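In our numbering, the protein residues as written are 1377 to 1723. Ideal placement from N, C-alpha and C gives every residue a C-beta, glycine not left out. Nothing here was measured: the structure is a model prediction, and the numbers come from that model.
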Amino acid sequence: MENDVIQKVKIGNLDFENPFFDSLRDDYPGFNSWLSRKSGEDAYVLVDNNQLLGFLYLKDEEEADDSITPSFDMRRRLKIGTFKIDSHGTVLGQRFLSIILRKMLNDGHDFTYVTLFPKQTGLINLFEKFGFRQWGTKNNGESVYYKNLTVFNNIYKDFPRINLNTDSRKHLLGIWPDFHTKLFPYSRLNTEREHIVEDLSFTNTSEKIYLCNMRAVLNMLPGDLVTIYRTKDNNWAEYSSVVTSICTVVEVMDISDFESLNDFLKYCEKGSIFTQRELSSFWENKRYPYIIKMLYNAPLQKRIIRKELIDQVGLNRDDYFGYLALTDNQFYKILRMGGINESFIIN
């Protein structure tokens, strides 16, 4: 996680007396001893201005567990061992949850779980939104929530998997380089190693908001699949314009659908790269009247350059690559050429 505000570090390198851990010490007797025992293991942390704001420990486990009712049999699971964030308005929970779910699929797990106290309503709501269900209880009073590979045919509950068993249409959407990598932090190019992934709401959230003036995007329907096309930088488009990511459409709105500026700002501000001032300006001048909300499912392992899109996928060189409708075959070719992990596919 190079140049990322979230880093993987050895637990032993953290200050165990940091006030961030106080609530965990209150809830879990012996928490300091647990930190000491885990000092050689990795955790994901967010530190901003020397302040610890997020901590996530994941464990690959196989043993049976009868401290949970119903008990866990011996099987491989991804345990969300310790997870805490200090909420500060940047949708940080979704960023950490995307780390969990992508690791689950990339590492070949078919089951992950977390234990939460009933008072942790914010985290419970977040996990349930993205497909976790209650399994039972733990002997310390926590509730146990799990997610497996059950298909819900719901784009949030199935996230980050991409469902190909629907009649969804397929699209290509062009995004300028300045916006692309801030919105899609896992899709940085090798030439963008110096780009720092910051603790920003539009970076952290899995729900991306894209404003444009391309009327054709009104053809997109909820559940449609979108390939994200990073347009050219200062180099020749044939080799610097690339498909980087797969998203799923949540909905497409017209700016006239909003009754007030406040409604428009509330809808856009967490997932859009634009400032409140810029959004207010767009409300006045209707410069970008079409608003796409989409879920950021997965980056492609191999970026596909424009030349390959034309020569191998079959796109027309003369078409406008700001927005294109794709055939199913073109979309499937992009998935294959992009080397997307099959665990991310429902088919």
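- Inside the stretch 1598-1660, DSSP marks whole beta strand (DSSP E) runs of 3 or more residues at positions 1601-1606, 1618-1630, from first to last along the chain.
- Annotation: the continuous beta strand (DSSP E) that includes Pro1675 extends over 1666-1681.
- Here the alpha carbon of Gly1388 sits roughly 14 Å from the alpha carbon of Phe1407.
- The shortest C-alpha to C-alpha distance from Thr1651 to any of Gly1698, Phe1578, Glu1583, Phe1634 is the one to Phe1578.
- Apart from the 5 residues on each side of it in sequence, Tyr1708 has no Cβ closer than 7 Å to any other Cβ in its chain.
- The beta carbons of Leu1671 and Thr1624 sit about 5 Å from each other, so the pair counts as a contact at 8 Å.
- With fewer than three CB-CB distances shorter than 8 Å, the stretch 1600-1616 does not count as touching the stretch 1636-1643.
- A Cβ-Cβ separation of about 5 Å places Met1590 in contact with Tyr1699 under the 8 Å criterion.
- Sequence-distant Cβ neighbours of Leu1477 in its own chain, meaning closer than 6 Å and more than five residues away, are Pro1536.
- Lys1384 is bridged by DSSP to Tyr1420.
- With a cutoff of 7 Å on beta-carbon distance, Ile1680 and Gly1647 are scored as not near each other.
- A direct Cα-to-Cα measurement between Thr1607 and Phe1448 gives close to 48 Å.
- Under the DSSP assignment, Glu1583 falls in the beta strand (DSSP E) whose first and last residues are 1583-1588.
- Counting other Cβ atoms within 10 Å of its Cβ, Arg1452 stays below 16 and is therefore classed as exposed.
- Here the C-alpha atom of Asn1394 lies approximately 45 Å from the C-alpha atom of Ser1617.
- In the same chain as Leu1502, and ignoring 5 residues on each side of it, the C-beta atoms closer than 8 Å to its own belong to Gly1469, Gln1470, Leu1473, in chain order.
- The stretch 1498-1517 makes contact with the stretch 1427-1446, as at least three CB pairs between them are under 8 Å.
- In this model, Arg1663 and Asp1630 are separated by some 12 Å (Cα to Cα).
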